Amino acid sequence: MSTQDLEQRFQDRIDAGEKIEPKDWMPEKYRKTHIRQISQHAHSEIVGMLPEGNWITRTPTLRRKVGLLAKVQDEAGHGLYLYSAAETLGISRDEMTEQLLCGKAKYSSIFNYPTLSWADIGAIGWLVDGAAIINQVMLTRTSFGPYARAMVRICKEESFHQRQGYEIMLTLCRGTAEQKAMAQDALNRYWWPAMMMFGPRDEESPNTAQSVKWKIKRKTNDELRQQFVDITVPQAEFLGITVPDPEMKWNEDRGHYDFGAIDWDEFWQVVKGNGPCNKERIAARQKAWDDGKWVREAAMAYSQSQENKTQSKIA
Amino acid sequence: MDVSLYKYLLMLGDNSMILGHRLSELCGHGPNLETDIALTNISLDLFGQVRSLFQYAAKVKGGSATEDTIAFSRTEREILNVILVEQPNEDFAHVVGRQYLYDIYHFLLLEALVGSKDETIAAIANKSLKEVKYHKRFSGEWLKRLAGGTDESQQRMQAAIDHMYPFLDELFHVTEVEEEMRAQGVGADLSVIKAECYAIIDDHFRIAGLQVPEHPPRVSKGKYGIHTEKMGFILSELQFMQRSYPNMQW
């Protein structure tokens, strides 16, 4: 069968809503796109542990300590499933880690913003996990089987995190004036970075068309961003805090909220590595990787020596 | 209030709290993802135990005490954990060494407390025992793995044990509170646990090829609220929110 026929058959399967499995034939670009996207997603989970981890030792109560520890641990678990899903496409976890550390692989830019108060933990759960869910619910129906299945599991946990984050915000907003100001300050700093999580505007997103054709994406960046705004603005109103966008207004005709312009210059600056914490995040991952080297080597050497022992017993 | 029971609960809870805190510092920084998840799990278990113990302590204390006032509003001198658990995460071998020594002790202690005449302590011990059985397996396996891995890991594991082992003795030092609790059938008999604990550890060290350190026990008075220089830093993080923003709901 010619490559063209294979590609046609592949596209027919996708159009019919079939899932593509790791051993199936797939165009090289489909494989590469998935390795890129799934590893980027996995890296986001792992780097995403750092800003929230920054508050684990300082939670205000024991209940919040347990909640935050469990949340960050879930993210490590998500990283594990996602790395495993990417490994089915013929790349190892170590290779992916090296790509992250050398800057070849990206992760979600939102994690390059600092967590400066306890309210940021609430805002991240509410806004960042909220935005992530909108992306991920779409991905539960993506064409690549292992990715879609990982997403189903991840989405369940993410929606729990989102509720937990919103509940932190609600507690602050029903607390003292100082606590409410803390919540407002977190919303002020996290609103626009959360809006940027959906990526560039559709006309500047060159990969979207191909991704829609392969059912990697089922909605465009701008559609997803609008969905986020429409869900989140009423939630902010319920909290009694204000989205930092003077142009935010309900548009009766469109049936959607209108919103102001995103600072795309800042977006690209952060993507290019010039955000407030890019250097620190990668440095933390690099340190964990370097400090862990001798541990990983010891584990390998030990399991090798145990295997040799077993073999010599059998022999 | 029953001051001795209250203090005994603090001693149990503070060890779990400070060790849980040390482990929580590592969340997101472990040598690989699986280990990161496992260490966080142990930290979560320990904080779960802290909550049960401090909720009970708050009941014993009465008034407006809660698990959080007990955890976050006491001064350094009122915190009664042993020195071993506040030792810093120098490297992964130190994390494993500290955990292993504490787990062996903790498991034996909980086994004894399951038979406590205080029903709440017995119930908490019973639940915690299942968790600590897993902790002990995790740290014991890593102890063997690092001791039997590469030359570097062997040296690091031995160095960690050399550092941690002299703090083990404090766990068996019997304070007045512990003596009173033992006499009432509420607390554990540390002298029984001590012999068993050292026997198990020496045996494991022998199997793993580690030397039992000859260093004499370090003078340690954590059980009396006299800590290391590190403790102030632990508390400045642990208590940061409650100190900066007191009397609020979170």
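Heads up: the sequence lines are chains L and B, in that order.
Residue 980 is where the first sequence starts when you use my numbering, and the numbers rise one by one after that.
Residue 28 is where the second sequence starts when you use my numbering, and the numbers rise one by one after that.
We put the CB at the ideal spot given by N, CA and C, even for glycine.
Note that the structure is predicted; figures quoted are calculated from it, not measured.
If you compare alpha carbons, which of L/1123, L/1212, L/1214 and L/1094 is closest to residue 948 of chain L?
The question about residue 948 of chain L has no answer, for chain L in this structure spans 980 to 1294.
Identify which residue in B/84, B/122, B/75 and B/89 has its Cα closest to the Cα of residue 53 of chain B.
Of the candidates B/84, B/122, B/75 and B/89, the one whose C-alpha sits nearest the C-alpha of residue 53 of chain B is B/122.
Anything in chain C within Cβ reach of residue 1036 of chain L, meaning under 7 Å, just list it in chain order.
Of the chains in the structure shown, none is chain C; the protein chains are L and B.
Please give me, in chain order, every unbroken run of the alpha helix (DSSP H) with length at least 4 that falls completely inside the segment 1007-1061 of chain L.
The qualifying runs are 1007-1026 and 1028-1032.
Which first and last residues belong to the alpha helix (DSSP H) in which residue 63 of chain B is found?
Start and end: 60-88.
Is the CB of residue 126 of chain B under 8 Å away from at least one CB in chain L?
Cβ-Cβ to chain L under 8 Å: no for residue 126 of chain B.
Got a sec: is the Cβ-Cβ distance from residue 1105 of chain L to anything in chain B below 8 Å?
Not an interface residue.
Which complete alpha helix (DSSP H) runs does the segment 1189-1254 of chain L hold, if anything under 4 residues is left out?
Within the segment 1189-1254 of chain L, the complete alpha helix (DSSP H) runs of at least 4 residues are 1200-1218 and 1243-1248.
Taking residue 1061 of chain L as the reference, which of L/1132, L/1117 and L/996 has the closest Cα?
The candidate whose alpha carbon is nearest that of residue 1061 of chain L is L/1132.
Output, in chain order, the set of chain B residues within a Cβ distance shorter than 9 Å of residue 1284 of chain L.
Here the neighbours are 175 and 176.
Short of 7 Å Cβ to Cβ, which residues in the segment 242-272 of chain B face chain L?
Under the 7 Å Cβ criterion, the segment 242-272 of chain B contributes 264, 265, 267, 268, 269 and 272.
Going by beta carbon distance, what residues of the same chain come within less than 6 Å of residue 298 of chain B, once the five residues before and after it are set aside?
Nothing about residue 298 of chain B can be reported from this structure: the residues present for chain B run from 28 to 277 only.
Return the Cβ separation of residue 1084 of chain L and residue 56 of chain B in integer angstroms, given the expectation that the two are a contact with Cβ distance under 8 Å.
In fact, because the Cβ distance is near 20 Å, the residues do not count as touching under 8 Å.
So what does residue 110 of chain B bridge to, in DSSP terms?
Residue 110 of chain B pairs with nothing; no bridge assigned.
Are the C-beta of residue 281 of chain B and some C-beta of chain L separated by less than 8 Å?
With chain B covering only 28 through 277, there is no way to say anything about residue 281 of chain B.
Count Cβ pairs between the segment 216-235 of chain B and the segment 142-149 of chain B that sit closer than 8 Å; are there 3 or more?
Counting Cβ pairs under 8 Å, fewer than three are found: no touch.
Taking Cβ to Cβ, would you say residue 200 of chain B is nearer than 8 Å to residue 250 of chain B?
Against a cut-off of 8 Å, the Cβ pair of residue 250 of chain B and residue 200 of chain B comes out as a contact.
Residue 1076 of chain L lies in the alpha helix (DSSP H); which residues open and close that run?
Residues 1072-1081.
Could you check whether residue 1271 of chain L and residue 1088 of chain L sit closer than 8 Å to each other, using their CB atoms as the reference points?
Not a contact, by the Cβ cut-off of 8 Å.
Using a Cβ-Cβ cut-off of 6 Å (strictly less than) and excluding sequence neighbours within five positions of residue 1065 of chain L, which residues of its own chain qualify?
1014, 1017 and 1018.
With a CB to CB cut of under 6 Å and the five nearest residues on each side skipped, what residues in its chain are close to residue 1265 of chain L?
Here the set comprises 1080.
Against residue 180 of chain B, what residues of chain L qualify as contacts under a CB-to-CB distance less than 9 Å, listed in chain order?
Per Cβ cutoff of 9 Å: 1273, 1274, 1276, 1277, 1278, 1280 and 1281.
Chain B beta carbons: is any one of them nearer than 8 Å to that of residue 1039 of chain L?
Chain B, which has a Cβ nearer than 8 Å to the Cβ of residue 1039 of chain L, makes this yes.
Considering Cα atoms alone, identify which of L/1149, L/1173 and L/1069 is closest to residue 1109 of chain L.
The residue with the shortest Cα to Cα distance from residue 1109 of chain L is L/1173.
8 Å is my cut-off, CB to CB: does residue 1219 of chain L come that close to chain B?
Taking Cβ atoms only, chain B never reaches closer than 8 Å to residue 1219 of chain L, which makes this a no.
Given residue 1178 of chain L, which residues of its chain have a CB within under 8 Å of its CB, disregarding the five upstream and five downstream residues?
Only 1184 and 1200 meet the Cβ criterion.
Within the same chain, show all residues whose beta-carbon is closer than 8 Å to that of residue 262 of chain B, passing over the 5 residues directly before and after it, in chain order.
Excluding sequence neighbours, residue 262 of chain B sits near 103 and 106.
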